[in-house]
Each structure stands twice: as structure tokens, then as C-alpha cells.
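I have placed the structure first, in the form of C-alpha cells, so that the comments after it can refer back to it.
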Amino acid sequence: MKYDDYIYDLSRPGRTGVDLPAPDVPETPIPAEFLRDELPLPELSLPQVARHYLRLSQKNYAVDKGFYPLGSCTMKYNPKVNEWAARLPGFAAIHPLQDPATVQGAMGLMYDLQQMIAEIAGFDAVSLQPAAGAHGEFTGVLIMRAAQLARGETQRHKILVPDSAHGTNPASTAMAGFTAVQIPSDADGNVDIEALKGALDDEVIGIMITNPNTLGLFESHLVEVARLVHEAGGLVYGDGAYLNAIMGIVRPGDLGIDVMHFNLHKTFSTPHGGGGPGSGPVGVTAELAEFLPGPVVALSDEGDEYIWKQPAQSIGRMKSFHGNFGVMVKAYTYIKMHGADGLRQVSEMAVLNANYMQARILQMGDYPIPYGHRHCMHETVAQGKISGADDVHTLDIAKRLIDYDYHPPTIYFPLIVHEALMIEPTETEDKETLDGFLETLDRIADEARTHPDLLHEAPVNAPTRRLDEVRAARNPILVRLPSTTVTS
Amino acid sequence: MRYIPHTEAERRSMMEVIGIQDIDELFADVPADVRYPQLDLPQPMTEMEVMRELDMMAAENANLREFASFLGAGAYNHFVPAIVDTVISRGEFYTAYTPYQPEISQGTLQAAFEYQSMVAALTGMEVVNASHYDGATAVAEAAIMAVNVLRHKRRTIVVSPSLHPQYRQVLRTYTQGMEMKIVGDELDGNDFHALIDLCDKDTALVIVQNPDFLGQLHTPQEMQDLADAVHAKGALLAVATDPIALGLLKPPGDYGADIVTAEGHVLGNSVSFGGPYLGIFAFRKKYVRKSSGRLVGETIDVDGKKGYVLTLSTREQHIRREKATSNICSNQALNALAAAAYLAAMGKHGLRKVAELSWHKAHYAAQQIAQLDGYEVVGDKPFFKEFVVKCPRPVAEINQYLLEEYGIIGGYDLSQEYPGLGDAMLLCVTEMNAREEIDDLVTALGEAAAPMIRLEVTL
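Just so you know, the sequences run in chain order B and C.
Our numbering applies: residue 97 is where the first sequence begins, and numbers increase by one.
Our numbering applies: residue 18 is where the second sequence begins, and numbers increase by one.
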């Protein structure tokens, strides 16, 4: 028996982890017809539970363990004070439906966060309700739809999406009931202006654009793109996943973006939590403010009290209550500790680190960087195409990095770069760490030529070796209970 | 500077490698007229200063550790054993990303698989996904999934008027561009026959809540009859439920539900002003390929050793883009981990006790309040931990008295969403409410009924 065995295998009949007080009120019988026959939960002691989860945690890689250059994900250091803040009883133990007079501190925090996000990105209004980036995107597309319906433009149903975009962009488009139309990139990695012009007509709701884009490049045509889309009566949606590159450098609102989501769990370092909770606030221009999901926090007319306010033409509610408040507390803490100059330094150092890596990788010459002729922003997209090692692929390089105790970069994204290795170092990494990683990339390129099996068989120094994903999908085992194994 | 490690010398040497003299050169692509805006943000604070400020802001809020609360309505004050926070505070868990590299994410993946299994056990369902954002978005995803399962040939969703009002709002927001029709909540009361009568050849899904938003419990037989009737009409049944109640009560999987959703924050997650919460989403296995959200599956590695991976991802946005079953990417992984640790720590005996305590205390409170002049406990069905009380004066006034005179946070005012009930409040009692708190509530309600009590805003 090992503590990291499957949790039901640790269970023994009669064990209890947590005792509860005896009833201090007279008991009321529970009608038998309502009672369940059995409750097949495990029976464990608390020491078992503690060891089980600690052992499981040790099988994870994490930012607190080491370098995590996962492109597109902004895996920077997660400040511990943020965690402390979100756990204060005055934040963690308040009910969302309390009388506003009893939660003015929390509402004030939300109000200030709305204002600070609007200021950082150049918007007029912000709703904090969306729970994650994709949720914010969906919100943004619904806002665009509502705004154009309000103008009576019912014929519009297409959203333009560059071929370098995140998969969430076309997926959010489809959820809003629209058609995604793909726009190619040009030789410099920007949106192809001629293709854009060809696609613009009076059926276009707008464009969803990521800037910097997923190639790690600043869209140098963005102002032109926005102008063309606006002239065609469309709106410009900004995917805010990469705000970490441009804080204090440029405000998306100043570039002509009408609506944008923010990933508080990326840019403002509320942790990612192994897959959430995130938080995906949406910022908009003044003309779209009345369409935001609500309620948002506003100041009373007298200016002495925070109140809930439903925007007049709101798309509706995206989530119960007020959004992922605990995540907001962390983002607020982060922004307050940085201020304007601090945020600009964050972006400058994130971009410096990425360009340093790009320059060194180009010097090493093992990994092509298709758009390496331009300075990158916060990340660079290389390729796992090592000359003289034709049967080695990006996946092998990624798995070999695991053996050297690094988290691999994002792989095979963006889709338009063959064998992509998307590297985002973030600003919180020091030069020794970057140098160590670069030397490892170099060593792996040598191994790829001389001992390719080391790559094909990697990882060997990890809690498991390569896992059979085809088997998992072909005959899915998604639940395992003591009496039955449920397969799909 | 904060979390940035670069020394000036390092900065210089890095710029040299890049071939630039100044950092500004890296931003040459940014249009000059909008480059380097002066951001109007507060002056930066040190950690010591920001902790002081946050302490003060937090102290402005009336928190449930200091105030007795009888407020529920979708967010509940249940006990969270200390071990849960210990687990989710492990840096290895909370500073990891989505487990895209399974070999170094087995902790997250195994914990998620165990979450799926324990929640399957709790709900009586065959498959549970790794989470949606909350109870409301899980309901919206259920509607979308049902329409997909029925291949878009049926597009009407019938919802019970006693489904949480915010769940119904989110359902409408989500589906506004999907050419779906949502009906049912214009009805009065919670009579299933009226809902069944609304079902026709276009009905894809019927959504009810049990225990419902007003606390009322439908018997397993009533639920089974509903499921049979809905299935006879060719539609699916979704049941939103309370995971704590399932410590005691028959789960929806036992009475014919096709999809089960729940607000899962009650399992080990703090109330936290409404989020981050946990959208529980469970369903019959035959629908798995039309389902949304992440799924963790068991497999083996090349040495034959057991391991876990994200699976069936061809349903998801990063593979299928506009053809995906949902756009969901980040979900509520750490909240699901908290729920798993909670279920593991409480186990089958602990969870049952939590449910029993909530039942007994809620019924004690209702019995006491029923004896007060001017108050009436309404509803013709049994209830679990919430119940509706008709009040002799507006709920807002009563709650103000409770708060000011007794430091009690009263029940949810139903007058906006259920005007037909008159001056009615939804009270919630859990294992966290000591008998003295309940007795104080009863005393305070009795006093607040008297019209001579003068109310002043002093807070």
C-alpha cells in the first residue's frame, strides 16, 4: 500500500476523517423514502488524506518548483501575499447576497479593480463577472452582437478570426451563434491586410484579434485593421491573453480595440491552480458600456457608497453572483504592489527575457524561428526541426526537457507554425535560469543527432513515462468505483 | 523591484546579446503616438503596506465568522476542515497550469480523476467532468449539451420556475444566439405536471432543481415519474441539486436524471463573496462524446504503469475550434481539488452527518418560527436546509432589525423574484448554526414583527 494509490484503495470500512458535533437541537425524523441506499464515498483517516494529497502534489511540476516557459500561459511567480489576502475572513467568509452596506470593503475592492483594469488597457468600463478567459471572450462576442442588434443590423453574422488565433476564439464565436471566417497571416506574421479587405462586408460583426499575436509578434497593422473593420461597420475584439507584454507600453483601447477580456490568472499572477479558477473581466469603450454583463459595482449618486448596477442594455448575467471574487482580490493586490511604473517594468522585462531567448536560440542555430527577423514581444515561437535529426519531433524535445527538470514550452501551437515550440519565459525568471534552459536546449539538439533514442524514450526521470493517450480515448475509463469500473 | 530579478549588469549583457542599446527598441512596432501612456494608477505599495490596507478593507465587511447567518439562496456556509486549505495551498498544485504534459502533472490528473469518481458516487451518475465555472454555467452547458445530443432537431428548454433565478438568467444569456427557446418559468408553483404539459416535439431538455430554490424536496417517486414522462416525450432531464443533501438523500442518478448539475462550492470551498465556485456536471455515459469540459481518463505508460491523462479532447476548442462542444478552457480545477479533499476527509460518515445536522437544525428553526405570531412557514413539501417564511412586514425591514440588534444576517428577500409570495424570506440553516443562534433568530424575528419597532440605519 502506498499513500498515492488510488483513493478508494486506501479506504477501510469504519474510518472517519472528520468528527462533527452531536445535534444540539431536537431531531426531526427523515422520511425513509428520501434516504439513499448507500453512499459510496471512501473512508479514510485524516493522516491518510494528508499524505495522499502531499504525495500527489509531489508528482506535479509547478512554477514554485522551476522554470515553466509555457507559451501563451504567462507562468510567472505567484506572490504569496496574494494567497494571504484572498483568505482574509473579511473576503473569504462573506456571502454574495449580503446587504451591500455590510460588504462595502469588498465592493470597493471590485470598484477599484474595475477602474484600474480600465486604466491599464484604455477602456471606459469593465465587468468583472466572467470566470475565465474563454468566458470573457464569449461575453465579448455577445456584447458585439447585442450592440449591432441594437443598431438594427440583424444581417451581421460573421466574425473574422486570424489563422494564428487561440481555439477559444472560433469556439466562442460559434457559441454566440455566428460563423467564424479565417483570415491568413502575411509573411511578417501580421494579419494579411488584403485578405482582410476581401473578407469585410456588411455581414461582418467584427474581428477577434490577439495582440501581441500568438507568434509573439506585435501586430504592426493593428491600427489599420481596426480602421478597416470600423469602416465596414464592425467592431474589434481584443484577446487579452498577452497583456503581460504591453502594460505601460500601449493601451489596447488606444489602438482601436472596442472590447477585450483580461486573464487575471496570467497577467496579474493570480495562480492558475492547475486549470483554474481564472478570472476573465471584460473591458469596453463607452459606447459598449451599457451592454456589459451585470451587475457591476458603481458609486452612488452621492458618491459615498458602492452599489450594484445593472447596465441598461446588458447582455445579461454570465455567472451566478459577482464573478470569481477571490481571484479578484489577488489581482488587486498585485496591481497595488506594482503601480504604473512597476507594471511597465513587468512588461519590459518579460519582453527582454523573451528576446534574449530568441537571440540566443538564433545564435545556437539548432531551432529555426520563422519570424526571428523581428523582435518578439513576451514570447517567441521556435520549431523543433533540428537539422540532421529528421525523426525527432517537437514532442520528443518537450519530453526530453522533462528529464532535465524543466516544464516544456507550449507545443504544436500556433497551428500555422510547423512543429511549434512556443516559449514564454516571463519577467520573473533570472538570467541564470534562462541560460540553463538554453544550454539544455543545445544539449538536446546534440542528443537528437547522436542519441535520438534518448529523446524518443523520454521522459525517464518523471513520475510516469509517456502515457498512452490513444488507449485512454478509445476505451475511456473516467470513473472508478470500488464495485464497478465505469467505462464509456 | 517586486518579483523582477534582473540586475543592471544582467540587463546590459542581455541587451548586448539581442543587439540593442535600449529596451525601447524592442517596442518599435508600437505606434509612436500611443506608445508609453502615463497610467493613472495608485502609487505602488510594499508588501507590508498592502497587507495593512487589505486588512482594513476586509474588516469593513461583516463576515460569517463573526456574524450568525441564515442566508443561502445558492451560496452556503458549510464547515470546511482545515486540511482542505492545506491541500490546495501546496505550491505544486496551485502554481501549476492545466495538465498538458501528463508525465509531470500526475498529481493534478489523479486528483481530478478521483474527484470525478467521488462525485459520480455522490450523484449516482456514470460520468463527471473536471468542472464548469459554477452551478449556473453548468445548467447552461446542460442545455447546450442536450441540444447537441438531440442533433439540433429539438431546441426548446423547459425550466422549472423554482430553478435558481440566476441559473435561469445565465441560461438565457448563454443561449441568446443559439436559436433556442426557453419556457416554463412563467408558470406559478412547482407542479411537474404543468412542466410536462409544456413538453412537445421541440423539447430537448427539462431542467428542475431538487431540493429546489425555495428549499422544497420532491420525493424520489415524483422525480422518477417526471423522468419517465420527460423521456416518453423524447427529451432529456437535467436535475440541479445540492451536493450536501446527497450525503443523506437519494441521488438524481437513482431517479432517472440524464444530466446532474450542482453548485459544488459547498464541498470544501469558502463562500468567498460568490466565487470562485465549482460547477458540478455529471451525465450518462452514452452522452460523453457530446459533453463539454475537461475529462480525465485512466491509462498506462509505455512501461505498463497506471497513469492519467486529459482525454476525449477532440470535443474541445483547442482541437475542434468552432466545432467544439463548448469554448471552455480554464475551469475550476483548484476548486474541484478542494471538493475532492473535502469528500476524502469527510468520507461517507462525515458527509452524512453534515447533511443530518443541516436537516435537524433547519427543521428545528422552522418549527420555532412557525409558532411566532405573524410568521408562516410555507410550502407543501418536505424541505432540506432551506425554507420559505411569510413575514408580517417587508423582509428588508426585518433583516435590518436582525442585523442591527442581534448581529444576525437574515434570509434572502424573495419579493423581487417571487412577488407572488408576498413578504417572504428564504431562510437557510446549516451545521454551522448553533442552537443559540437559531434561538436568537427566533427571538429577533418575534420582536421584528411588532410594528412599533423603530428602524434606523446606523451601519
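Glycine included, every Cβ here is placed at the ideal spot set by N, Cα and C.
- For GLN226/C, the secondary structure class from DSSP, reduced to helix, strand or coil, is strand.
- Assignment of ARG576/B by DSSP, reduced to helix, strand and coil, places it in the strand class.
- Under the criterion of beta carbons closer than 8 Å, MET171/B and VAL393/B do not qualify as touching, at roughly 30 Å.
- For GLY310/C and SER148/C, the gap between their C-alpha atoms comes out near 7 Å.
- If only uninterrupted beta strand (DSSP E) runs of at least 3 residues are considered, those enclosed by the region 349-419 of chain C are 393-395, 403-407.
- Taking the C-beta atoms as reference points, GLY186/B is found nearer than 9 Å to GLU77/C.
- If you keep only unbroken beta strand (DSSP E) runs of at least 3 residues inside the region 204-256 of chain C, you get 220-226.
- Pairing TYR452/B with SER30/C, the inter-Cα distance amounts to about 10 Å.
- The C-alpha of ILE386/C is placed about 8 Å away from the C-alpha of LEU462/C.
- LYS415/B and VAL101/C have their C-alpha atoms some 25 Å from each other.
- Approximately 5 Å separates the beta-carbon atoms of ASN146/C and PHE298/C; this is inside 8 Å, confirming the contact.
- For the region 359-374 of chain B, the set of positions with a beta-carbon nearer than 9 Å to some beta-carbon of chain C reads ASN359, HIS361, SER365, PRO367, HIS368, GLY369, GLY370, GLY371, GLY372, PRO373, GLY374 in chain order.
- Nearest to PHE509/B by alpha-carbon distance, out of CYS472/B, VAL477/B, GLY113/B, is VAL477/B.
- Interface with chain B (9 Å Cβ-Cβ cutoff): LYS402/C is excluded.
- MET414/B has a beta carbon lying within less than 9 Å of a beta carbon in chain C.
- Of the candidates LEU193/B, VAL277/B, ASP298/B, ILE301/B, the residue whose Cα lies closest to the Cα of ALA291/B is VAL277/B.
- Contact between the region 263-272 of chain C and the region 150-166 of chain C is absent, with fewer than three C-beta pairs closer than 8 Å.
- In the structure shown, the three-state DSSP call for GLY236/B is helix.
- Scanning chain B for C-beta atoms nearer than 7 Å to the C-beta of ILE345/C yields ALA230, reported in chain order.
- Put simply, the backbone Cα of PHE314/B is about 41 Å away from that of MET73/C.
- In the three-state DSSP reduction, LYS323/C falls in the strand class (E or B).
- Within chain C, the residues GLN334, ARG337, ARG338, GLU339, ALA341, SER343, ASN344 have their CB atoms less than 8 Å from the CB of ALA267/B, given in chain order.
- When DSSP states are grouped into helix, strand and coil, ASN156/B belongs to the strand group.
- Taken atom to atom, the span from the alpha-carbon of GLY302/B to that of ILE255/B is near 5 Å.
- Its chain contains ALA182 as the residues whose beta carbon lies nearer than 6 Å to that of GLY422/B, once the 5 sequence neighbours on both sides are disregarded; these appear in chain order.
- Secondary structure note for GLU66/C: its alpha helix (DSSP H) is the uninterrupted segment 64-76.
- Secondary structure at VAL446/C: coil, using DSSP grouped into helix, strand and coil.
- About 13 Å separates the CB atoms of MET424/B and SER365/B; that is not less than 8 Å, and the two are not in contact.
- Taking 8 Å as the upper bound for CB-CB distance, ARG545/B and GLY484/B are in contact here, some 5 Å apart.
- In this structure, GLN238/C keeps its C-beta atom at 9 Å or more from the C-beta atom of SER177/C.
- Looking at the backbone, the Cα of MET442/C and that of GLY379/B are separated by about 36 Å.
- For LEU292/B, the uninterrupted alpha helix (DSSP H) segment begins and ends at 289-295.
- Checking the DSSP bridge columns, you'll see VAL283/C has no partner listed.
- For the pair ILE35/C and ARG456/B, the Cα-to-Cα distance works out to about 8 Å.
- ALA137/C has a beta carbon lying within less than 9 Å of a beta carbon in chain B.
- Taking 9 Å as the threshold, the shortest C-beta distance from GLN251/B to chain C does not fall below it.
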